[in-house]
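Report on one structure; see the data block that follows.
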Amino acid sequence: MNISLISSMVISMLIAEEKEKNTLRTLILSAVSPWEFLTGKVLITFLVSEVINIAIFFSIGCDIQYLGKYILITTLVLFSMIEIGAIIGIISPNQMATGVFSMPVVMIFFVIPMFAKANKTIEAIAKFLPSYHMNIMIARLFKGETFGIESTRSIAIILAWIIIAVIAFAFTYNKRGLDK
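Position 126 of the sequence shown, counting from 1, maps to 115 under the working numbering, and the rest follow consecutively.
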């Protein structure tokens, strides 16, 4: 939930808030480049999400030997969710609209993988989502299984989502900019 909900909604709300209060225009006029602005927003979202992920890891009582792989897996999915959240923030005219636009995205990335075992159709859809593959890899990790050839597909789908999200973000940013 942290990865799909917090990471995507925090960055979208941060961007929308700056747009709504017209502080973004002031920042850009004061020699802060759009990329510096976005880097600051991404960095704070990333750090908060990582701290929460690590807290979750320890709160569920996992063995410390799995921490590195856990962070790696969750960080990869976190990147795609932050990028998707940034896209939502750019296209949203204000914070209220951001919440409305974010909820369907959160539901897709959070709820569909959760119900994948209940229905074959939902499972077929979930197999295309990075959060589903993250859940599979984390379950394997906590069972003590190694990441072998069976994890290749999961890693490929997660990496594909990162690439797709980067391309979609670049397209959206070039079309809309930050201050429209």
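Glycine included, C-beta positions come from ideal geometry on N, C-alpha and C.
A quick note: this is a predicted structure, and the numbers were derived from the prediction, not measured.
Exercise for the section: My understanding is that Ile146 touches Pro119, with C-beta atoms under 8 Å, so please give their C-beta distance in whole angstroms. Expected result: Against the sequence shown, residue 146 aligns to sequence position 157. Against the sequence shown, residue 119 aligns to sequence position 130. So it is a contact: roughly 6 Å between Cβ atoms.
Practice task
Enumerate, from N- to C-terminal direction, the unbroken alpha helix (DSSP H) stretches of 4 or more residues contained entirely within the segment 43 to 91.
Solution key: Counting whole runs of 4 or more residues, the segment 43 to 91 contains the alpha helix (DSSP H) stretches 56 to 80.
Exercise for the section: Could you have a look at Phe98 and say whether DSSP puts it in helix, strand or coil? Expected result: Sequence index remark: in the sequence shown, residue 98 carries index 109 (1-based). If DSSP states are grouped into helix, strand and coil, Phe98 belongs with the helices.
Practice task
For my contact list, Tyr121 and Pro93 are in at a C-beta cut-off of 8 Å; report their separation, rounded to the angstrom.
Solution key: The residue you call residue 121 lines up with position 132 of the sequence shown. The residue you call residue 93 lines up with position 104 of the sequence shown. Separation of the CB atoms of Tyr121 and Pro93 is rounded to 17 Å, and the pair is thereby denied contact status at 8 Å.
Problem - Residue range of the alpha helix (DSSP H) that includes Ser(-3) - result: The residue you call residue -3 lines up with position 8 of the sequence shown. Ser(-4) to Glu9 is the extent of the alpha helix (DSSP H) around Ser(-3).
Problem - Residue of Ser143, Ile80 and Ser1 minimising C-alpha distance to Asn163 - result: The residue given as residue 163 occupies position 174 in the sequence shown. Considering only alpha carbons, the answer is Ile80.
Practice task
Please state whether DSSP places Ala20 in a helix, a strand or coil.
Solution key: Mapped onto the sequence shown, residue 20 falls at position 31. Looking at Ala20 - three-state DSSP - the assignment turns out to be coil, as it is neither helix nor strand.
Practice task
Determine the direct distance from the alpha carbon of Arg142 to that of Ile127, and round the result to whole angstroms.
Solution key: For this step, residue 127 is matched to residue 138 along the sequence shown. For this step, residue 142 is matched to residue 153 along the sequence shown. A direct Cα-to-Cα measurement between Ile127 and Arg142 gives close to 14 Å.
Practice task
In angstroms with no decimal places, state the Cα-to-Cα distance between Ala105 and Lys116.
Solution key: Taking the sequence shown and counting its residues from 1, the one referred to as residue 105 is at position 116. Taking the sequence shown and counting its residues from 1, the one referred to as residue 116 is at position 127. Roughly 9 Å separates the two Cα atoms.
Handout entry: Through-space distance from Ala44 to Val(-1), alpha-carbon basis
Key = Position 10 of the sequence shown, counted from the start, is the residue given in the question as residue -1. Position 55 of the sequence shown, counted from the start, is the residue given in the question as residue 44. Each residue's Cα considered, the two are about 18 Å apart.
Practice task
Could you say if the segment 3 to 22 and the segment 41 to 57 meet the contact criterion of at least three C-beta pairs nearer than 8 Å?
Solution key: For the pair of segments examined, the segment 3 to 22 was found not to touch the segment 41 to 57: the number of CB pairs separated by less than 8 Å stays below three.
Exercise for the section: State the Cα-Cα distance for the pair Gln54 and Ile153, rounded to the nearest angstrom. Expected result: For this step, residue 54 is matched to residue 65 along the sequence shown. For this step, residue 153 is matched to residue 164 along the sequence shown. Across the structure, Gln54 and Ile153 are spaced so that their CA atoms are roughly 32 Å apart.
Handout entry: Own chain, CB closer than 7 Å to Ser(-7), minus 5 neighbours either side, in chain order
Key = The sequence position of residue -7 within the sequence shown is 4, counting from 1. Within its own chain, the residues whose Cβ lies closer than 7 Å to the Cβ of Ser(-7), once the five positions on either side in sequence are excluded, are Met70, Val95, Phe98, Phe99 and Ser120, listed in chain order.
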